[in-house]
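If you read the sequences in order, they're chains A and B.
Numbering follows the numbering used here, with no gaps: position 72 of the first sequence is 981.
Numbering follows the numbering used here, with no gaps: position 195 of the second sequence is 658.
Glycine included, each C-beta is placed from N, C-alpha and C at the ideal position.
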Amino acid sequence: MVSYNRRTLLKGGAAFAGASALGFPAIVRAQAAKIKIGHLVPLTGFLGAIGGYAQLGVKLAAEEINAAGGIMGKQVDLMSEDSVNPATAATKAQRMIEQDGAALLFGEISSASSLTIMQVAERNKKVFFSTGARSDALRGKNCNRYSFHCDIPNTVMVNAVGTALKQQGLVKGKKFVTLTADYIFGHDLLKAAKAFFSANDATLIGDELIATDVTDFSPYLLKIRQAKPDVVCCNLAGNQVTNLVKQYAEFGFPYPLVGFNLNTGDAWAMGEGNLSGTWPTVWYHTLDNPASKAFVAAFTKKYDKPPENHAWIDYVTLKLIAQAIETTKSTETDALIAYFEKETQFDIMKARKGYFRAWDHQLVQEAYPFTVKPKGEMKDKWDMLVLGAPVPVANEPLESIYPMKAQNPCEMKA
Amino acid sequence: MQFAFLLEQVVNGLVLGGYYLLIALGLSLIFSVGGIVNLAHGAFYALGAYISVEITKRLGFGGAVALSPVAVALLGILFERFILRRFYTSDPILSLLVTFGLAMVAEQAIRIIWGSPPLPASIPPMFRGSVFVGDFLFSRYRLLILAVVAAILLGVWLLLHKTSFGRVVRAGIQRPDMVAALGIRLQPYMTAVVMLGVGMAALAGAFFAPISIVHPAMGSEIITVAFVVVVIGGLGSFWGVVLAALLVGVVRGITIHFEPAAGEASIYVLMFLVLLVRPRGLLGERIEKFE
């Protein structure tokens, strides 16, 4: 990054003042005519690996929007930065709104950081699309009218995998041990998992809370063996999932390992023969529909690898934002909120269209359970997953797998 | 039964301690001889892992574990010759800054060369699964690591205590001025010590790549634990580092047995307690030049 001392810049500016009397106003006009959008995503830490994909996705979306003439004829000025941790995320969000003049914000994967950005959005009355955070609480007790949620919430992941597990006879009467990420996301997921176990005659015989920076899982694995469960269930996040799965394969335990949270990037990072069991996902690059295929082709052409699910959701979100501004002819917060609260249907590269539910701002969409492709059938190293049928099935309403108002109440202050 | 489970955690902690040892021993050696706190040590661990993943694709796992430390040790020559050597006699803050900067450069270099998404890596099938030794369950793969660490430990101890090379290095730790007065240049020895140190870190990286995530920041994640081990063990002490590595592994295992959420915090509490009672570390020697 090039940065100039303000004084030097002033001196230089004074010297050129006469000569550039014609040039400068044009530059100022061009800058004012840009629409600034702030994007925050973890690029370091335990979610950094998947955050990298999100950034690739938004960059592609911004390029495409600008190449097609921008939004309302204005170019998009995308600021995309590492959100680092909840405190830094909030600071950067505030700076992007206050100093950089961002019209709105989107991004994030960590539920903890997303929560702090949501508070900044509310304080500043700017819209924030939380693209990758999954905690139910963000849509429930922590909800606010400025925040929208694009990823599937924990309850949906539990329902998606749970449906598949029930079909495999792995739930009723079974003893579960869970491993839970020790922050808001994990606690929230454990709550959803417990609700699922008790509704389906399964018992939870042990739970281990695990710090996000743990790399060695051997002591926890020994405890799992001591507990002798029927099924081991992973409620971890980011690098934790990759590390657990690798070490679970290392110890070679007989109990099936399943999980209520996984991102494709974590699976790709694991290596051959390590992943097994049933897991949930929100999107995969092999989905067979025209919009998805076009996106995968463009992404692969640019980056020489297929998009991960965070690349997808951040790409889709920026496109939805562009569409909303274009339609409402405004970057005003109230106009944008009203647009999305109408429950407009969007093509989000899935068989069924999605929409933001008005009362909690959740992007209601299909989810998928998946299992792992046998080695011989993989076309390439990215082709790891076999998607199950979308959840919910085609004739059921999309909202049937989402938390209802009574379960996850959200009160938005006007 | 509860006791047997606890014992199992203790034994597993010892195995894990062996892995910490590979990283901490080099860190301690470089500090003892050169007086340099090598904050870039984790970068060599990460490089060891990345290079081993590359070599595994061509020559298999055995080749990777053998060659990756050699490759990193060769890099260590450049590191010592062109960077560390300038800082042996200067203010320690300078070497701290320079190795800290180098750690960041190395992390970014890894991002540029291999990209920021993690690299996949797996254990060779024959080392998968666990075995029972007596009543204790072990991962087959970690037993392999333990055997190699034990062999290396023995080798390093023999090198330091039974060879003329070792005598010079040990004398250099205590009285570099006397070594110089005897007409021995310490610099080539220092090059060898750095090669040995970063080579061991790379070996740890190569061994851990198949069972933990291989990503650019892996070096900065491991360096903290390595420092905790060195500080608890005491600077300049070979057995102090060994003892501390095993202790850290065991304390973490026992804590997780009783209070899983406190697992990572336990090693820092341990460090705090040790420093409170014995500021120079468990077996730390009094080193004149650092007084």
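CA-CA distance, Pro1318(A) and Pro580(B)? Here the alpha carbons of Pro580(B) and Pro1318(A) stand approximately 37 Å from one another.
Rounding to the nearest angstrom, what Cα-Cα distance links Glu972(A) and Glu1308(A) in this structure? Those two C-alpha atoms are separated by around 33 Å.
Give me the chain A residues within the contact set of Asn475(B), using Cβ-Cβ distance strictly less than 8 Å, ordered along the chain. Ser1127, Pro1128, Leu1131, listed in chain order.
Indicate whether at least one CB of chain B lies closer than 8 Å to the CB of Tyr1164(A). For Tyr1164(A), the answer is no, since every Cβ of chain B falls outside 8 Å of its Cβ.
Report the residue from Val661(B), Phe563(B), Ala680(B) whose alpha carbon sits nearest the alpha carbon of Trp577(B). It is Ala680(B) whose Cα lies nearest to the Cα of Trp577(B).
Cutoff 8 Å: Asn1317(A) Cβ touching any chain B Cβ: Cβ-Cβ to chain B under 8 Å: no for Asn1317(A).
Beta-carbon separation of Gly489(B) and His504(B) under 8 Å? Cβ distance < 8 Å, so Gly489(B) and His504(B) count as in contact.
Go ahead and pull the three-state DSSP assignment for Lys983(A). Here Lys983(A) sits in strand by DSSP.
Determine the closest residue to Gly1168(A) out of Asp1009(A), Gly1147(A), Lys1137(A), with distance taken between C-alpha atoms. With respect to the C-alpha of Gly1168(A), the residue from Asp1009(A), Gly1147(A), Lys1137(A) having the closest C-alpha is Gly1147(A).
Asn1172(A) burial status per 10 Å Cβ neighbour count (16 or more: buried): By the 10 Å Cβ count, Asn1172(A) comes out buried.
May I ask you to report which of helix, strand or coil DSSP gives Met1321(A)? Residue state, collapsed to three classes: coil.
Would Val950(A) pass as a contact of Glu1017(A) if the rule is Cβ separation under 8 Å? A contact, by the Cβ cut-off of 8 Å.
My output table needs one value for Ala1276(A): the three-state DSSP class, helix, strand or coil. Strand.
DSSP three-state label for Asp640(B), please. Helix at Asp640(B).
Assuming Pro1189(A) and Tyr1164(A) make a contact with CB atoms under 8 Å, what is their CB distance in whole Å? Taking 8 Å as the upper bound for CB-CB distance, Pro1189(A) and Tyr1164(A) are not in contact here, some 19 Å apart.
Can you tell me where the beta strand (DSSP E) holding Asp1116(A) begins and where it ends? Counted as a single uninterrupted DSSP element, the beta strand (DSSP E) harbouring Asp1116(A) occupies residues 1112–1119.
My output table needs one value for Ser491(B): the three-state DSSP class, helix, strand or coil. Three-state DSSP puts Ser491(B) in a helix.
Less than 8 Å between the beta carbons of Leu1118(A) and Val1141(A), yes or no? In this structure, Val1141(A) does not lie closer than 8 Å to Leu1118(A) by Cβ.
Going by the beta-carbon positions, is the gap between Phe1094(A) and Ser1020(A) smaller than 8 Å? Their beta carbons are under 8 Å apart, which means Phe1094(A) touches Ser1020(A) by this criterion.
Identify every run of the alpha helix (DSSP H) within the stretch 697–721 of chain B, keeping only runs that are complete inside it and at least 4 residues long; order them along the chain. Here the runs fully enclosed are 701–721.
Determine the closest residue to Phe1279(A) out of Trp1177(A), Val1273(A), Ala1104(A), Val1295(A), with distance taken between C-alpha atoms. The residue among Trp1177(A), Val1273(A), Ala1104(A), Val1295(A) with its C-alpha nearest the C-alpha of Phe1279(A) is Val1295(A).
Using only CA atoms, which one of Tyr1092(A), Thr1064(A), Met1066(A) lies nearest to Leu1024(A)? Measuring C-alpha to C-alpha distances from Leu1024(A) to each of Tyr1092(A), Thr1064(A), Met1066(A) identifies Tyr1092(A) as the nearest.
So, does the CB of His720(B) fall closer than 8 Å to a CB anywhere in chain A? Interface residue, yes.
Which residues does DSSP list as the beta-bridge partners of Pro1189(A)? DSSP output for Pro1189(A) lists Pro1278(A) as bridge partner(s).
Closer than 8 Å between beta carbons: that is the criterion. Which residues of the stretch 1168–1192 of chain A meet it against chain B? Cβ contacts with chain B come from Gly1174, Trp1177, Ala1178, Met1179, Gly1180, Glu1181, Gly1182, Asn1183.
Taking C-beta to C-beta, are Leu1047(A) and Ile946(A) nearer than 8 Å? Cβ distance not < 8 Å, so Leu1047(A) and Ile946(A) don't count as in contact.
How big is the Cα-Cα spacing for Gly932(A) and Asp986(A)? Below a pLDDT of 50, predicted positions are generally treated as unreliable, and Gly932(A), at 42, falls in that range; the measurement from the model is reported next regardless. A straight line joining the alpha-carbon of Gly932(A) with that of Asp986(A) spans about 21 Å.
Taking 8 Å as the threshold (C-beta atoms), are Gly696(B) and Leu736(B) in contact? Going by C-beta atoms, Leu736(B) is not nearer than 8 Å to Gly696(B).
Less than 7 Å between C-beta atoms, sequence neighbours within five positions excluded: which residues of the same chain meet that for Thr1087(A)? Beyond the five residues adjoining it in sequence on each side, Thr1087(A) comes within less than 7 Å, by CB distance, of Leu1099, Ala1102, Leu1113, Asp1116, Cys1142, Asn1144 in the same chain, given in chain order.
State the Cα-Cα distance for the pair Gln940(A) and Tyr962(A), rounded to the nearest angstrom. Since pLDDT at Gln940(A) reaches only 49, below the 50 mark, its modelled position is unreliable, and no value is offered.
So, helix, strand or coil for His1270(A), using DSSP? His1270(A) falls in the coil class under three-state DSSP.
Does Glu471(B) have its Cβ less than 8 Å from a Cβ in chain C? Absent from the structure is chain C; the protein chains it does hold are A and B.
So, using beta-carbon positions, are Tyr1248(A) and Thr1240(A) closer together than 8 Å? Going by C-beta atoms, Tyr1248(A) is not nearer than 8 Å to Thr1240(A).
For Asp554(B), tell me which candidate among Ala689(B), Ala534(B), Ile499(B) has the shortest Cα-Cα distance. That would be Ile499(B), whose Cα lies nearest to the Cα of Asp554(B).
Identify the contact partners of Gly1041(A) in chain B, using a Cβ-Cβ distance below 7 Å as the criterion. Near Gly1041(A) there are no residues of chain B at all, since even the closest Cβ is about 15 Å away, more than 7 Å.
Run the CB neighbour count on Arg938(A), radius 10 Å, all protein chains shown included, and call it buried at 16 or more, exposed below. Unreliable positioning characterises Arg938(A) in this predicted model, as indicated by a pLDDT of 46, which lies under 50. A coordinate reading is not provided.
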